[in-house]
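This report concerns only the one structure given below.
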């Protein structure tokens with residue numbers, strides 16, 4: 015029995031469709047730089063599901079994702095397109111990620127990760143912090159002093175493997191750093207500043223060689239800022255006042271301690287650490303460890 019020509023063509027078309035594989039294709043957009051969102055535009059055809067591998071260990075199943083790389087270099091990005099019948103097609107492209115424009119560090123804790131920008135305007139503190147991070151100085155140290163609505167402090171080398179309840183806060187690398195006060199750098203929420211000993215033994219306000227704190231602070235009012243200006247004999251710019259009113263901070267520390275950086279990602283992590291239970295010395299009852307690496 016011979017099949018009509020139209021029926022033959024229909025069967026052949028059906029076979030062609032059932033044997034067809036999806037077409038995997040994508041383009042890359044956005045600024046290709048560390049921590050900048052790199053956009054992947056999925057141009058695949060005849061596919062219903064997608065699997066992305068970005069080359070840095072991270073994956074996604076979003077159709078057209080964006081992704082942030084945390085280190086510069088060349089990565090091989092793979093896209094696997096999948097059709098309804100489970101047939102797949104994989105395509106790959108290389109993407110070159112440039113280093114960040116600013117000096118950045120990543121601070122990891124049990125509560126998440128903060129990304130910190132180190133200011134060029136405080137070169138002595140920036141250079142010292144970078145040196146210590148490169149040496150692995152901060153790895154496994156504790157945030158040994160935590161006061162909610164004020165700040166979280168760490169960087170004491172004596173805190174590594176410190177016994178529970180041990181008093182901490184007097185350790186350092188054996189040197190201090192000359193203060194670097196910059197009028198534009200103030201104690202807004204998220205500010206990174208150097209700890210130091212008090213004025214009675216340190217009238218030059220020299221910074222600890224390793225200990226630092228990150229400001230959580232509290233909400234500010236116009237009245238409070240006016241009072242601080244009068245007490246300190248300083249004048250905040252319009253932008254600085256607006257910033258304090260918007261995010262809060264600890265303005266009474268301005269020009270007393272060197273601010274040399276800020277948290278640009280992960281303020282929620284700061285808040286989580288700031289609310290942990292502490293003992294009578296403000297040390298967290300359950301240790302909060304840190305690990306810091308440079309983002310390059």
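Numbering (the working numbering), first residue to last: 15 to 310. Where a beta carbon is used, it is the ideal one built from N, C-alpha and C, also for glycine.
DSSP state of residue i mapped onto helix, strand, coil
{"i": "residue 293", "result": "coil"}
{"i": "residue 255", "result": "helix"}
{"i": "residue 35", "result": "coil"}
{"i": "residue 213", "result": "coil"}
{"i": "residue 65", "result": "strand"}
{"i": "residue 108", "result": "strand"}
{"i": "residue 307", "result": "strand"}
{"i": "residue 298", "result": "strand"}
{"i": "residue 288", "result": "helix"}
{"i": "residue 173", "result": "helix"}
{"i": "residue 279", "result": "strand"}
{"i": "residue 125", "result": "coil"}
{"i": "residue 266", "result": "helix"}
{"i": "residue 48", "result": "coil"}
{"i": "residue 196", "result": "coil"}
Residue range of the alpha helix (DSSP H) that includes residue i
{"i": "residue 189", "result": "No alpha helix (DSSP H) holds residue 189; DSSP gives it neither H nor E."}
{"i": "residue 148", "result": "137-148"}
{"i": "residue 72", "result": "Note, residue 72: premise wrong, no alpha helix (DSSP H); not H, not E."}
{"i": "residue 239", "result": "236-246"}
Residue span of the beta strand (DSSP E) that contains residue i, given as start and end
{"i": "residue 208", "result": "205-208"}
{"i": "residue 55", "result": "52-56"}
{"i": "residue 159", "result": "157-161"}
{"i": "residue 92", "result": "87-96"}
{"i": "residue 42", "result": "40-43"}
{"i": "residue 164", "result": "Here residue 164 belongs to no beta strand (DSSP E), and DSSP marks it neither H nor E."}
Same chain, Cβ closer than 7 Å to residue i, five either side skipped, listed in chain order
{"i": "residue 243", "result": "249 and 250"}
{"i": "residue 39", "result": "57, 58 and 105"}
{"i": "residue 101", "result": "35 and 36"}
{"i": "residue 299", "result": "291, 292 and 293"}
{"i": "residue 239", "result": "250, 255, 258 and 265"}
{"i": "residue 183", "result": "158, 159 and 170"}
{"i": "residue 287", "result": "123, 125, 157, 160, 166 and 302"}
{"i": "residue 46", "result": "52, 109, 110, 111 and 112"}
Alpha-carbon spacing of residue i relative to residue j, whole angstroms
{"i": "residue 114", "j": "residue 99", "result": "43 Å"}
{"i": "residue 289", "j": "residue 161", "result": "8 Å"}
{"i": "residue 192", "j": "residue 301", "result": "31 Å"}
{"i": "residue 121", "j": "residue 306", "result": "4 Å"}
{"i": "residue 245", "j": "residue 236", "result": "14 Å"}
{"i": "residue 178", "j": "residue 291", "result": "14 Å"}
{"i": "residue 173", "j": "residue 155", "result": "6 Å"}
{"i": "residue 325", "j": "residue 241", "result": "Only positions 15 to 310 of the chain appear in this structure, which leaves residue 325 out of reach."}
{"i": "residue 210", "j": "residue 181", "result": "17 Å"}
{"i": "residue 64", "j": "residue 79", "result": "10 Å"}
{"i": "residue 52", "j": "residue 107", "result": "13 Å"}
{"i": "residue 1", "j": "residue 169", "result": "Outside the displayed range of the chain (15 to 310) lies residue 1, so it cannot be described from this structure."}
{"i": "residue 281", "j": "residue 60", "result": "42 Å"}
{"i": "residue 273", "j": "residue 68", "result": "36 Å"}
{"i": "residue 70", "j": "residue 297", "result": "36 Å"}
{"i": "residue 304", "j": "residue 97", "result": "45 Å"}
{"i": "residue 221", "j": "residue 208", "result": "6 Å"}
8 Å Cβ shell around residue i - same chain, five flanking residues per side excluded
{"i": "residue 270", "result": "219"}
{"i": "residue 84", "result": "48, 49, 70, 120 and 309"}
beta-carbon residue i near the ligand GDP non-hydrogen atom, thresh 7 Å
{"i": "residue 221", "result": "Ligands are entirely absent from the displayed structure, and the ligand GDP is therefore not among its contents."}
Close Cβ partners of residue i (< 6 Å) along its chain, the five nearest in sequence each way excluded
{"i": "residue 231", "result": "203, 262, 263 and 264"}
{"i": "residue 41", "result": "55"}
{"i": "residue 195", "result": "269"}
{"i": "residue 319", "result": "Since the first residue of the chain shown is 15 and the last is 310, residue 319 is not available in this structure."}
Tell me, please, whether the region 197-209 touches the region 247-267 by the rule of three or more beta-carbon pairs shorter than 8 Å.
Yes: at least three Cβ pairs fall under 8 Å.
Take every Cβ of the region 140-148, pair it with every Cβ of the region 68-75, and state whether three or more of those distances are shorter than 8 Å.
No, the region 140-148 does not touch the region 68-75.
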